[in-house]
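J.: Residue numbers (full-length UniProt numbering): 1 to 119. Would you mind keeping the following structure in view while I ask a few things?
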């Protein structure tokens, strides 16, 4: 799993919570450029992607992801209600839109719908 968010605290919190749920091998990227480098060299079974990143927005990152892996499940996260970006991300194949602050019960259900812990 790859968590992409420019807020390191968000990444660290999500890693801790998801590990408690039984998910292992969780990587993080704190910039879009770092995420793109990671997806070029490694396959992920799920990606949680912040849509508002300071260097390259999440929709552009999702376009890059799709060049390397058309099928990986991607859920976008955002504290903003930017419906245009959200709709574009969904059109590009994102399977969910997770609002921040993140409701962990919702996140758990979203991740579980695509990925079983321990696999």
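Glycine included, every Cβ here is placed at the ideal spot set by N, Cα and C.
#1: In the DSSP assignment, find the alpha helix (DSSP H) that holds residue 86 and state where it starts and stops.
#2: Which residues share a DSSP beta bridge with residue 32?
#3: From residue 72 to residue 40, what distance separates their C-alpha atoms?
#4: Check whether the stretch 37-53 touches the stretch 61-80, taking contact to mean three or more Cβ pairs, one atom from each stretch, closer than 8 Å.
#5: Out of 43, 53, 23, 16, point me to the one whose CA is closest to residue 6's CA.
T.: Let's see:
#1: Counting along the chain, the alpha helix (DSSP H) containing residue 86 begins and ends at 83-91.
#2: The beta-bridge partner set that DSSP reports for residue 32 is empty.
#3: Pairing residue 72 with residue 40, the inter-Cα distance amounts to about 13 Å.
#4: Yes, the stretch 37-53 touches the stretch 61-80.
#5: Cα-wise, what sits closest to residue 6 is 53.
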